[in-house]
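Asker: Can you read through this structure? Questions will come right after.
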Amino acid sequence: MKGICNIAVFIIALTAVCNSYAQAPNITYPDQSYKKGVPITPVLPVNTGGAVPATPFGQVTNYAGGSTIPGFVNAHLLAARFNAPYDIKQDASGNLYIADAGNNVIRKIDAAGDVTTYAGTGVAGSLDGVRLLSAFNGPTGLVFDKEGNLFVADRKNHTIRKITPEGSVTTLAGLANASGLINAQGSFARFNLPTGIAVDDNGGLFVTDYGNNVIRHVAQDGNTNVTSGSGTSGWIDGSNTIAAFNNPNGIVNIGAGIFYITDASHIRSMDKDGNIVTVAGNFFTGSVDGYGKGALLNGCTGMVKDAAGVVFFTDRTGSSIRRFDPSGEIKTIATAPFVAPAGLTIDKDGVLYVADEGAHVIRTVYTTGYSISPALPAGLIFDRTTGQISGTPTETRQLSNYTVIAYNTSGKSVFGFQLEVREAVLKPQQITFGPLPTVTVGDQDFPPGATSSNPNIPIEYESSNLNLAFISNGKIHMVAPGKVTITAKQRGDVDYAEAIPVPQELTILPPPELDKPDVVAKAGPFVFALDKFGTLTLTPDQLATITPGPQKPDITKTIRPTGTFTCEDLGEQDITVGAGYGPDPADPLNAQFDQPAALAFDRFGNFYVTDQAFYKVRKYDLDTRVTTIAGGISGFRDGNGGNVAFGRGLSSIATDSHGNIFVCDYFNNAVRKIDPDGNATTFAFNELKAANGGNFAANAIAVDKNDNIFVANATKIFRITPDGSTVTLFAGSGNAANLDGIGATASFSGIRGLAFDGSGFLYVSTSDLNNVNTVRKIAASGATATIISLPYAANFTRLVVNSKGIIFIASSLPVIYRLTDAGDFTKYAGGIEGFADGPKATAQFRNPQGIGIDSKDNLYIVDSDNHRIRMISTTGKVTTIAGSGEPGDKDNTNRSNATKVTVKVKIVSALNITGAYADVNMLVAPQCPALLPDYATDAHAESTCAHNITITQSPQAGTTIVAGQTIKVTLTATDDLGQSSTATFNVNAIPVASPTVTIAPVSSAVCDGSPITFKATAADEGNSPTFQWRVNNALQAATGSTFTYNAPADGDKVTCTVLNTDYCAGIPSEQSALYVVSTEASIATALIITPSTTDAICAGVALSFTAVPSNVQTATQTPDYQWKVNGDLKGSNSATFTSSTLRNGDIVTCEMDSHVKCSALPITISNPITVQVKTDAECAITIANTFTPNGDGRNDLWDIPELVNFPDCVFSVYNRYGKVVYRSVGYTKPWDGTYSGNQLAPGTYYYLIDLKTGRPPLSGPVTILR
């Protein structure tokens, strides 16, 4: 039973210890003043947070490998030997695994400290299988997945290996000894010196492909792709294909889909899509701590993240271990004796295990305990395990700031305090301060002139009334007439006691009146119209008469607030014209700022600006006066007016209802309060430190309607009661993330601005190192909701909310953004870096990081790098209201050298009806009243700025108008700006005149029976007239203006009337004048052609034709002839035509132009003649005209041998009485002169031979002789 009780006690104690680490520490120290040589009472921190382990923070211890000489020995811890161990990881049981690159093996250190070979034989190669028989070649990267599989980046083999918990070694991706860049699966993929490796949330791997300058993803099945990187060496942020790396090395999963990658002198952030952002380091190398990209790094290698979100990494080239916390701070925690630290891991107690590749050992580094900076004065001791300060100081130390950081596994607590060591006996010092001269407002600033017996400590001065005089840069600046006390003070130090203050009274006389020009406003009213481009520039001389005095320097003329106007300025404006001799010292545009950062209004309408470069808070009051109300000294000191010291990071400002001003003094880890009298105090300093668990780097501030102050660092928002006594966490877990929730369950990353709306909601703008920009809305309950989250460099800074709930966000880009509660996000103003006032779309800014808003919703922009304050009116006009643009800290004065007059000016965007409107004459028939046309529809009006223009007509279209009446018509244009323009003209109803008409023939001479066409010419006939034509008073046609009379006769009388039909009743004309037709008789010409023969001819035989005309008056005109063969033109202009090339069937005709005036046929065509041309066979027939059938054997037969070619011919012979004496079909047997066997008597007979060719028979006489 006793053993069981002891176990129970141990479990309870262990639980208590674990719970004590579950929250970050929260320590405080008192400020301390000691005397040299006097032992001090030990001082321990007061810790109200999580316990701090009693370990010496940053202490380095050799853990395994007892020699810096490489070797390969398995033994217990320090007796073991390693060779260039590159990475180290811990499994779920606490065992350590080392990528022993030089020995080509994976080593294991178990809980007992025994070092063994876990995988590999030690021989370089690539062999899968049982782990102790496997082979590796320079393994460098290790990572466990949640299943206990160990993945190895086998660097020199260019492969990714997997070792299962059962001890099986396989190659997941890549091919041994085959380098390259190929995206594929398994052994088809190629790598080039894969070095670092990490597991994603889905069990896949991300690998730094060192030689290819890319990041690769390897899925569980070995499928490999490039996630990010162009493959080109460099440091380029951007999307996955644009980003560039320079030999990426280590990689770690920091959660929420984000991975950090060490890349030489950079740490890069990669999201799930491969987008790359540099979060730390830059192009320059070094070992300088700082924030984000402001820190200098060397050759960074391994990384690991602890439970609190802190990333530890090895700066291999810098031989150091460095800490990168969620706030972006990089701090070196260990250096010697490291040589070339590479990989590292961390256990649950916050102990780092580091593979020191260059020393061939494994070392440990404590990340819990205490640290202090700077080092304490000699003789004082700081205990890193408890945070205690003890000892006896042996040297003096001026009052100095010290920072102690307490670390446990849940976070850290940072606390600053002041400590000094003074001499045991202090020396006195005495101030000598003589009377001050009487001065005048406007005199040059002058030094007060006090001296001291100790010249080594500067004398400081205070003014009793800053409204009369203040101290600037060690000189008295006169503001207004009166009496003021200037007090000289001298602080003590470690050797000297504080001097007794010495006051002196300063009398300031009013300034003499300055000579000023005469400025008299000209007689109004002043109404100016913008030009067609929507702009107008006024000069002072347009509004006032400026008369200079005699023999004065050149006059400076001003016009305020602006002399340039656009559509945003429409309406009445109060314009002040000023003139003085030289620049006006009272003009706020002659004041100077240097890197102003933030702006806030008070309830009276004044606003306040933090001016960082000169450590000041400035005021712009209702009369445009720019004054310094506090600051001017770099440091950290409360006081009044110019005696106040601020740090440079005056990042945010707010005011309460009592006129108090609250300023975030970032680099002093403080909130400063300035009361209406200019007294500056540090506000709720210790309370904030206690609530935050350490120093509080105030970055943003706002005040609610109950005067509670809300102040934020990068990750938390605290609420402070108006008296500063109570500080409570309002929202934020302290983790650098952007997660919604209630109160402490919400997370923020990089808070930049706070602003309340009229309903009491708090709006928060954030922009972090990963370029994630958000705007969040927090209810009074602390419930946080994201309105917008942008994963790109929008560079949000401060924000405001107007009376309509619209959010406006400033940025370090040249842009002001607009956002609604619904998430509608747009660019509101700017976009191009530079300086330009005007419409918000074309205005230019340089780092407009501060923003404020007045009661009328005008925006005020702190244009930091332009050193100006700008205003954006509710109409969108950007105007500079303060600052010359030259960096400096010069205020303007209340003493002006200018005479000023203010006039009312009305700016209009002229609305003009375009075009000229002359009187209109409208024809109206007496019997038919008309309707007034619609002139408004076609009218057009122009205005540069108006968008909705309407034109109306009076009287309205459709109004009745009668002949002889005159109506005055007015067109009125109106627009959405309330402007109007008119155009007036008369519409005269002119009675319609009766039409008139005249007629004339198209041709004057005609023949009987030939058509004649007449043309009517009308006047006043209207648009659609009708014409009535009459012949001999008989209606012939009611058609158009032409009329064709087809059968005219000599003496016919033609007339026409026209009817105007445009009106309700036609308007007829008088009858036209008579036209009497004169014609001549028609002549019928004829033409006969005859051939020279009607018989068929043989080919080539010439055939002639003769034309014989009739009824042709050849005495006065010779006809013209045109011969045609088959319609083709042939021959010449002749009455005869001969051709020897005619073919059978050719048709010959002749056409004659008789030139007879009234010929019925102007072209007379002859009769056609068909030409018959014999065949060659026909032409070969020779017929003798005699034969002698006397039986003497000669010429006894009538022989026609050619007829053999015509077997069907019919051959007939007739006597003189017409009796057939011979007939034959065919002529195969020649005739012998007989008839029925009897000889015929001698004499002449006639033959007829029908060849059956379709041509006339051959015929002729034949004589028989006996």
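Those letters in the sequence shown? Residues -24 to -1, 1 to 1242, by mature numbering (1 follows the signal peptide of the UniProt record, and there is no 0).
Think of the CB as a built atom: it goes at the ideal place given N, C-alpha and C, for glycine as much as any other residue.
Which ranges would you report for the beta strand (DSSP E) in the stretch 178 to 253 if only whole runs of at least 3 residues count?
Answerer: 181 to 185, 190 to 194, 200 to 204, 227 to 231, 234 to 239 and 242 to 246
Asker: So, with DSSP's three-state summary, where would you put Q518?
Answerer: helix
Asker: Please check the pair T368 and V14, which I expect to be a contact at CB under 8 angstroms, by giving their CB distance rounded to whole angstroms.
Answerer: About 7 angstroms separates the Cβ atoms of T368 and V14, confirming a contact at the 8 angstroms cut-off.
Asker: Compare the C-alpha of G500 against each of F358, I808, E548 and P493 and name the closest.
Answerer: Per the Cα distances, E548.
Asker: Output the distance between the C-alpha atoms of I(-21) and A27, rounded to the nearest integer angstrom.
Answerer: Low confidence applies here, because I(-21) scores a pLDDT of 31, under 50, leaving its location unreliable and the question unanswered by this model.
Asker: Is it right to say I1225 is buried, meaning 16 or more other beta carbons lie within 10 angstroms of its own, or is it exposed?
Answerer: buried
Asker: Hey, out of Y73, Y346, S102 and D951, whose CA is closest to N23's CA?
Answerer: Y346
Asker: What does DSSP give as the partner residues of F583 in its beta bridges?
Answerer: F577 and Y596
Asker: Straight-line CA distance for T44 to A55?
Answerer: 12 angstroms
Asker: Could you tell me which residues DSSP puts in a beta bridge with E481?
Answerer: T461
Asker: Which whole runs of the alpha helix (DSSP H) in the stretch 376 to 442 are 4 residues long or more, in chain order?
Answerer: With a minimum length of 4 residues, there is no unbroken run of alpha helix (DSSP H) contained wholly in the stretch 376 to 442.
Asker: What residue from I829, P431, R695 and L485 has the CA that sits closest to A676's CA?
Answerer: R695
Asker: Between A1217 and V1201, what straight-line distance do the alpha-carbon atoms span, to the nearest angstrom?
Answerer: CA-CA distance, A1217 to V1201, rounds to 24 angstroms.
Asker: List the endpoints of the continuous beta strand (DSSP E) containing A1156.
Answerer: Looking at the DSSP string, A1156 is not in any beta strand (DSSP E); the run it does join, the alpha helix (DSSP H), is D1152 to A1156.
Asker: Tell me the residue span of the beta strand (DSSP E) that contains E305.
Answerer: E305 to A310
Asker: According to DSSP, which residues form a beta bridge with residue 1243?
Answerer: Shown here, the chain extends from -24 to 1242; a query on residue 1243 therefore has no answer.
Asker: Could I get the ranges of all uninterrupted beta strand (DSSP E) runs contained in the stretch 1106 to 1163, with 3 residues as the minimum, in chain order?
Answerer: 1112 to 1115, 1123 to 1129 and 1139 to 1141
Asker: Please determine if the stretch 833 to 852 and the stretch 868 to 881 are in contact, where contact requires at least 3 C-beta pairs separated by less than 8 angstroms.
Answerer: With the rule of 3 Cβ pairs closer than 8 angstroms, the stretch 833 to 852 does not count as touching the stretch 868 to 881.
Asker: Go to K991, then tell me how far its beta strand (DSSP E) extends in each direction, as first and last residue.
Answerer: I988 to A995
Asker: Just to confirm my understanding: we take R1231, look at its own chain, exclude 5 residues before and 5 after, and list those with CB closer than 8 angstroms. What are they?
Answerer: A1072, Q1148, K1150 and E1154
Asker: Quick one: what's got a C-beta closer than 6 angstroms to I718's C-beta in the same chain, skipping five residues either side?
Answerer: G758 and A759
Asker: So, for N(-6): in the same chain, excluding its five sequence neighbours on each side, which residues have a beta-carbon less than 7 angstroms away from its beta-carbon?
Answerer: With a pLDDT of 43 at N(-6), under the threshold of 50, the modelled position of this residue cannot be trusted, and the question is left open.
Asker: Chain D beta carbons: is any one of them nearer than 9 angstroms to that of A676?
Answerer: No chain D appears in the structure shown, which is made up of a single protein chain.
Asker: Taking I1123 as the reference, which of T1117, D1129, S376 and I1145 has the closest Cα?
Answerer: I1145
Asker: Going straight from the alpha carbon of V(-16) to that of G736, what length do you get?
Answerer: With a pLDDT of only 29 at V(-16), under 50, the local geometry of the prediction cannot be trusted, and the value read off the model is given with reservation. Using only the alpha carbons, I get a separation of about 51 angstroms.
Asker: Where does the unbroken beta strand (DSSP E) through K816 begin, and where does it stop?
Answerer: Run containing K816: none; DSSP gives neither H nor E here.
Asker: Could you tell me whether the stretch 964 to 976 touches the stretch 933 to 941, where touching means 3 or more Cβ pairs closer than 8 angstroms?
Answerer: yes
Asker: Can the beta-carbon of T31 be found less than 9 angstroms from the beta-carbon of T261?
Answerer: no
Asker: CA-CA distance, K780 and N749?
Answerer: 23 angstroms
Asker: By how many angstroms is the C-alpha of V401 removed from the C-alpha of I(-18)?
Answerer: The predicted position of I(-18) is uncertain, since its pLDDT is 28 and thus under 50; no value can be drawn from it.
Asker: Taking the beta strand (DSSP E) that E548 belongs to, which residues open and close that run?
Answerer: G547 to Y557
Asker: Cα-Cα, which of A1010, R1192, G1213 and K1228 is closest to residue 1260?
Answerer: The requested residue 1260 is not part of the displayed model; the chain covers only -24 to 1242.
Asker: Using the rule of at least 16 other Cβ atoms within 10 Å of the residue's Cβ for burial, across every protein chain shown, is L1179 buried or exposed?
Answerer: L1179 is buried by the Cβ-count criterion.
Asker: Apart from the five residues on each side of it in sequence, which residues of its chain come closer than 6 angstroms, Cβ to Cβ, to P21?
Answerer: I3, Y5 and G363
Asker: With respect to the beta strand (DSSP E) encompassing N38, which residues constitute its N-terminal and C-terminal limits?
Answerer: V36 to A40
Asker: Between F393, S389 and T385, which has its C-alpha nearest N377's C-alpha?
Answerer: With distances taken between Cα atoms, N377 lies closest to F393.
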